[in-house]
Each structure stands twice: as structure tokens, then as C-alpha cells.
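Notes follow once the structure below has been shown.
Protein chains in written order, with my numbering: chain A, 2 to 195; chain B, 635 to 809.
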């Protein structure tokens, strides 16, 4: 049965058969287009994020719904879910992380190549959630830096799409020098990386 | 002839006499207690005896009774006779200050991980265990989490307050 949400009730015609991303700001003339390199790199990066799902519990089921045809994360350029950290841009930590699992999460993060982003999906990954106990890590930001937190227990797929779009915003606007800056190195040092 | 609790009890009393105490049959399951130093002798007898044949260790765990001074930790063995489908429960008590108990790993291979788990959560020191280290918790942990010696959650703690969970100003329906 269709859920009574806006896009099921209101029959909205498609504006265009295929939506494409608009070009960045710049100067255009006959046979040339000039823009900032960071804008173009950002445009390319943000629309082809390869996620690495680190799914440990019930949020993983919502993630499966997100990747399947109904919610279809592929629309946002992230259909290529990869299971090797070396190829991925975005680490999605999905579900409860026990303290014993924390070194594994950190190792997966370290195996990813720069630039890398992290999304914490659900209450457990963000803060430990209901598992306020001796065995559960109280938020993955105790071991790795997190870019976007998606709240919910579990969050609906729409919420995760929103989170991914926020990651895209960060990716698209990231300064190309950010990963070499002292501030970034300081942040990494607080996590004992490098 | 089916193996009844009465037969098991008679056999055990024949062998160990007054050493076994606290005979009970909650929900029809025979349970008894003995001195902790007798545990291997009792288990070996239950294993070897041709009538009893308790050759499967279903479960091994500990219970902490903080008010039971001198016998704070109970180690509980659940045994199963697979041929007759009869179960029993055998308890020993040990002081928490010196929680040394003989390991049953030589008799039941299943005891290996169960004793590690019991050590992990209650700190029972199984003497003679081949590899007594934490199995489920992180190895750096410095306490035994299932002992009843920790305060309940402080209701005034602020690191997980409502504001952080978007519940500010919402009154629960039952108040």
C-alpha cells in the first residue's frame, strides 16, 4: 500500500525527463569556459560519492531500503556501494558499535584514501543511543571524526537521503587545500591519526 | 527404566552423602549444592556413572549475591543426559575476595568458552583453565561488569539530557 506522503498523493509531472547538474559559476564564451578548479573538482566529487556501508544492526535494514528501487540512492550518484575501503569516499557507519568493534571502525577509516568523509547513521552510531552501557561505544566520534550525523532510531530512508545530500554539500564546497591545512592535521591528531 | 530425579538423588547421596546440600526441584529440575572444592569430583561422577551419564554441559554461568557474605559468587552448572533427556542444576559458592574454582575444561570441552565468559563478566578465577582471558569484552577492561557492585544511573547526569535528543519541553503522557 502506498504511504500517504506528498509524492504519493499529489501527482506531480516531471519537469524534465532527465535532470542534470547545472554547471558551476564561471565565464563562458565562444569555445571556452573558465571557472574555479575547486568548483569543478567539487562538482565531480559530490555527484559520484562511493559509499562504504559499515552496517552492524537494524539501521542496516533501512539502508537496504535506501539502496533498493523505492528510495534509490543511485539517483544521487551513489549507486556504487563498495565493500573495500580503499575505493570509497564516504564511510557510512550504520548501527551500534561495540567498544570491541571500535578499533575495526578506525582501521577501516585509516584504510580509506583521502579525501574521505564519514556519516553516522542512527542514534547508536551518533551517540550510543539506548545502549548506555559498558560494552557500547558512546558515539563513533570517539574514535573517528564524523562529518554528518543522521538522527533517528532507525532514521527513515528520507532522513538518510537528506544526510547524503548534506555530505554532498560538504564535498562540493570543500576547499582543495583543506586536507593539507594545519587545522585538519590538528583534528586528526586529536584522534591519534598520523 | 526412566531416569527420575529420585534415582539421581539416591545415587549422589550414596556416593557423596552429606556433602551435597540444598536439594530442590524447582519446576521439576533437580538442583543441589556442594562445597566448591568438590566440584570436579561431583561432575566426574555425574559424567562417568553408567546410570547417570550427564555428558553434556548445557550451560555454565555465575550469579552474584552481594548480601551472601563469604559466598558471594555462585557458579552454576547445567547438565544434560542426552540419552534419557534429563537435566539437572549444580551450584557451588565461592567468596568474592578469592574466587578460585577448579576448571571443568578437562571434563567438558564446552566449558572452555563458558568459563572464559564467566571470568569475563564475574571475575571467577578458574584454576587449570588453559586460556583464561576475556572473551566478549575489550581486553583493556579493568572490572567485571555483571557484578552487582555498581551504582544505578545518576538521574541528574547531563551528558544525555533531553535537549540533545530533541525532546526539550515535551511532557511524557504518563506524568
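Virtual Cβ for every residue (Gly too), placed ideally from N, Cα, C.
When 77(A), 66(A), 72(A), 63(A) are compared, the shortest CA-CA separation from residue 49(A) is found for 77(A).
DSSP assignment within the segment 58-121 of chain A yields the following whole alpha helix (DSSP H) runs of 4 residues or more, N-terminal first: 60-68, 103-112. The three-state reading of DSSP puts residue 734(B) in strand, counting E and B together.
Close CB contacts of residue 715(B) within its chain, under the 6 angstroms cut and outside five residues either way in sequence, are with 687, 688 (chain order).
DSSP places residue 681(B) within a helical segment (H, G or I) once states are collapsed to three. Shown here, residue 721(B) sits in a strand according to DSSP, grouped into three states. From the listed residues 19(A), 176(A), 74(A), the smallest Cα separation to residue 43(A) is found for 176(A). Look at residue 35(A): its C-beta is not under 8 angstroms from any C-beta on chain B. Within the same chain, Cβ atoms closer than 6 angstroms to the Cβ of residue 782(B) are found at 698, 700, the five residues on either side in sequence being excluded.
Judged by DSSP in its simplified three-state form, residue 751(B) adopts helix. Across the set 28(A), 155(A), 191(A), 79(A), the C-alpha of 155(A) shows the shortest separation from the C-alpha of residue 57(A). Taken in chain order, the members of the segment 770-783 of chain B whose beta-carbon sits within less than 7 angstroms of a beta-carbon on chain A are 771, 772, 779. For residue 763(B), the number of other beta carbons within 10 angstroms of its own is at least 16, and it is reported as buried.
Distance between residue 702(B) and residue 183(A), taken at the CA atoms: about 59 angstroms. Contact with chain B is absent for residue 184(A), since none of that chain's Cβ atoms lies less than 8 angstroms from the residue's Cβ.
Per DSSP, the continuous beta strand (DSSP E) segment holding residue 658(B) begins and ends at 655-658. Here DSSP, grouped into helix, strand and coil, assigns residue 759(B) to strand. Distance between residue 84(A) and residue 107(A), taken at the CA atoms: about 15 angstroms.
DSSP places residue 745(B) in the helix class (H, G or I) of the three-state scheme. With respect to chain B, the C-beta atom of residue 136(A) has a partner C-beta closer than 8 angstroms. Taking 7 angstroms as the Cβ-Cβ cut-off, the segment 97-130 of chain A approaches chain B at 100, 101, given in chain order. Distances from the CA of residue 648(B) to each of 778(B), 676(B), 735(B) were compared; the closest alpha carbon is that of 676(B).
Cβ-Cβ distances below 7 angstroms link residue 140(A) to 127, 128, 129 in the same chain, with the five nearest sequence neighbours on each side left out; the list follows chain order. By the Cβ neighbour-count rule, residue 753(B) is buried, with 16 or more other Cβ atoms within 10 Å of its own. Minimum Cα-Cα distance from residue 26(A) among the listed residues 20(A), 39(A), 14(A), 17(A) corresponds to 39(A).
Residue range 639-650 is occupied by the alpha helix (DSSP H) that includes residue 639(B). Three or more beta-carbon pairs separated by less than 8 angstroms are not found between the segment 705-715 of chain B and the segment 767-774 of chain B, which leaves the two stretches without contact. Collapsing the DSSP output to three states places residue 158(A) in a helix.
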